[in-house]
Amino acid sequence: MGSEFEAIPEFTMLQNRMRQFIADQGGAIPFDAFMQESLYGRTDSYYQSRVNIDYQINGGDWPTYAIRPYFAELLSRPIFRQLSEFNGQGQLVELGGGTGAFKANILKLGQDQGLKFKYISIDNSRKLHHLQAQYGGESYLTSALNLPLADRSVNGVIFANELVDAFPVRYLRAVITNDVFSHFEELRYRVKRNNIEHQWLPADDAQIREYWLRQREVLELTDGFSWDWDILNHQMMAVNTLQADLIRECSRVLNKGKIILIDYGNTIYNLLRKGAKWTIFASPDHLNTNVENMHRLAYFADLSALVNFSDLEIVARQSGLTVQWYGPQRHFLWEQITSQEEVEVKKQLRENPTAYTLNIQLLKNEGSDGTSKVLVLTRSGAD
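Below you can see the structure in the form of structure tokens.
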């Protein structure tokens with residue numbers, strides 16, 4: 192099956208290097224090693240190369256540069272509310288800030304509103320770090336899992352958008368035989384006939400349990416988290432200790448304020464939903480939780496937890512956009528679109544660059560009408 196990236200020389204270089212990397216590692220590597228090397232390894236990896244930057248700026252990824260100003264305005268509201276409590280001494284720490292577009296827009300909005308605060312950028316990509324640094328403030332070239340900040344030194348907001356998406360994780364599944372657990376398998380990559388393919392291979396059960404319990408320990412400290420091991424049955428799981436390490440690291444440096452981590456994928460939601468009083472990286476609204484009364488370390492997955500959709504409409508109109516609602520309900524969870532839908536959206540963007548979408552947001556049916564709701568933001572005057 193062809194890839195829309197095949198024509199991009201840098202991706203061809205990356206594929207060739209990953210083939211060699213897999214061979215050097217003995218012919219098969221786990222998913223987390225594949226992601227670590229392909230995203231962050233050397234200069235031609237995804238986040239270290241110019242591919243990610245060029246592809247985003249040319250509208251191949253969302254949100255496009257035309258969407259970002261009002262995306263920043265939406266997020267500035269809960270962020271600025273928190274920063275305003277520190278009388279000009281607040282700090283905004285952004286983890287994995289990409290091209291720096293969000294930083295530039297937030298700084299401009301803060302200046303327009305007369306709000307003073309210190310902006311601290313953290314990124315482990317040299318090229319992206321350079322782009323973020325040009326907008327001022329403090330900028331550090333390091334991992335979000337090793338923040339160059341003293342314990343309890345941050346008063347304000349620690350913010351990240353889609354950071355967990357870029358964390359290498361271990362993909363596991365439980366093999367069930369006659370309704371009885373048999374063993375764990377782990378997703379691994381290999382090279383076959385010069386193609387990079389994945390396969391499921393038996394995994395070390397004891398190692399997996401130890402790996403998961405490391406994360407569970409952190410989650411239980413947040414707010415009454417409980418876990419039922421049986422959730423692993425019949426499901427593929429992403430076991431991500433880096434996620435737990437991120438929570439621990441952010442908690443270490445935060446003194447007063449809030450942590451806001453936004454992630455639109457549903458992997459973590461599916462992983463944690465069972466038995467949780469409220470779920471990290473899942474919609475608090477979905478769990479009937481009052482956002483205002485949440486623990487000071489607040490983790491959100493959808494913007495409905497942060498802004499009202501009426502605000503979304505107002506800001507969209509101010510930005511010259513029209514808002515089209517599909518379906519009777521305006522409240523929905525943000526769900527990650529499928530690969531095929533994403534390809535189709537990007538195809539439409541290339542053919543009609545005056546039309547923009549802030550992702551495609553699908554609601555897994557929570558109501559009785561049996562329909563999915565889709566919000567599409569389209570630039571005024573577009574076909």
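Just so you know, we're using our numbering here: the sequence shown kicks off at 192 and counts up by one.
Here a beta-carbon is modelled for each residue, glycine too, at the ideal position from N, C-alpha and C.
Which residues mark the beginning and the end of the beta strand (DSSP E) in which residue i is found?
| i | result |
| --- | --- |
| LYS299 | No beta strand (DSSP E) contains LYS299, which is instead part of the alpha helix (DSSP H) from 292 to 303. |
| GLN282 | 281 to 286 |
| LEU392 | 386 to 393 |
| PHE350 | 345 to 352 |
| LEU336 | From DSSP, LEU336 is part of no beta strand (DSSP E); its letter is neither H nor E. |
DSSP state of residue i, grouped into three classes?
| i | result |
| --- | --- |
| TYR380 | strand |
| VAL409 | Low confidence applies here, because VAL409 scores a pLDDT of 42, under 50, leaving its location unreliable and the question unanswered by this model. |
| PRO269 | helix |
| ALA263 | helix |
| SER275 | helix |
| ALA324 | helix |
| SER442 | helix |
| ALA341 | coil |
| LEU205 | helix |
| GLY415 | Residue confidence is low: GLY415 scores 32 on pLDDT, short of 50, so the model does not pin down where it sits. Its coordinate-derived value is still stated next. GLY415 falls in the coil class under three-state DSSP. |
Which stretch, first to last residue, makes up the alpha helix (DSSP H) that contains residue i?
| i | result |
| --- | --- |
| LYS309 | Counting along the chain, LYS309 falls outside any alpha helix (DSSP H), though it belongs to the beta strand (DSSP E) covering 308 to 314. |
| SER229 | 222 to 231 |
Counting C-beta neighbours from all protein chains within 10 Å, is the total for residue i 16 or more, i.e. buried, or is it exposed?
| i | result |
| --- | --- |
| ASN481 | Reliability of the predicted coordinates at ASN481 is poor, the pLDDT of 27 falling under 50, and the value obtained from them is presented with this limitation in mind. So ASN481 ends up on the exposed side. |
| LEU383 | Here residue 383 is Lys; the residue named in the question, Leu, does not match the sequence. When all chains shown are included, LYS383 counts as exposed. |
| GLN390 | exposed |
| PRO339 | exposed |
| ARG343 | exposed |
| ASP314 | buried |
| GLY279 | exposed |
| ASN207 | exposed |
| ASN352 | buried |
| GLU578 | This structure cannot speak to residue 578, because the chain is shown only from 192 to 574. |
| GLN323 | buried |
| GLY291 | buried |
| SER236 | buried |
| GLY217 | exposed |
| GLY305 | exposed |
| PHE523 | The predicted model places PHE523 with a pLDDT of 27, which falls under 50 and marks its position as unreliable; any figure quoted below should be read in that light. Its Cβ being crowded by 16 or more others within 10 Å, PHE523 is buried. |
| SER229 | buried |
| ALA341 | exposed |
| GLY327 | exposed |
| ALA214 | exposed |
Roughly how far, in whole angstroms, is the beta-carbon of residue i from the beta-carbon of residue j, given that I think they are within contact range, below 8 Å?
| i | j | result |
| --- | --- | --- |
| ASN346 | ASN446 | 5 Å |
| LEU286 | LEU354 | 5 Å |
| LYS294 | TYR310 | 6 Å |
| MET209 | ILE387 | 6 Å |
| GLY289 | LEU319 | 6 Å |
| PHE222 | LEU392 | At roughly 11 Å, the Cβ-Cβ gap does not stay under 8 Å, so PHE222 and LEU392 are not in contact. |
| GLN273 | VAL348 | 5 Å |
| TYR331 | SER316 | The pair is not a contact, with the Cβ atoms about 12 Å apart (cut-off 8 Å). |
| PHE263 | ILE297 | Note on identity: in this sequence residue 263 is Ala, with Phe being the wrong assignment. Their Cβ separation, rounded to whole angstroms, is 5 Å, which keeps ALA263 and ILE297 in contact under 8 Å. |
| ILE451 | PHE308 | No, ILE451 and PHE308 are not in contact; Cβ-Cβ is about 15 Å, not under 8 Å. |
| GLN211 | PRO359 | So it is not a contact: roughly 19 Å between Cβ atoms. |
Using a Cβ-Cβ distance cut-off of 8 Å, determine whether residue i contacts chain C.
| i | result |
| --- | --- |
| LEU298 | In the structure shown, chain C does not exist; there is a single protein chain. |
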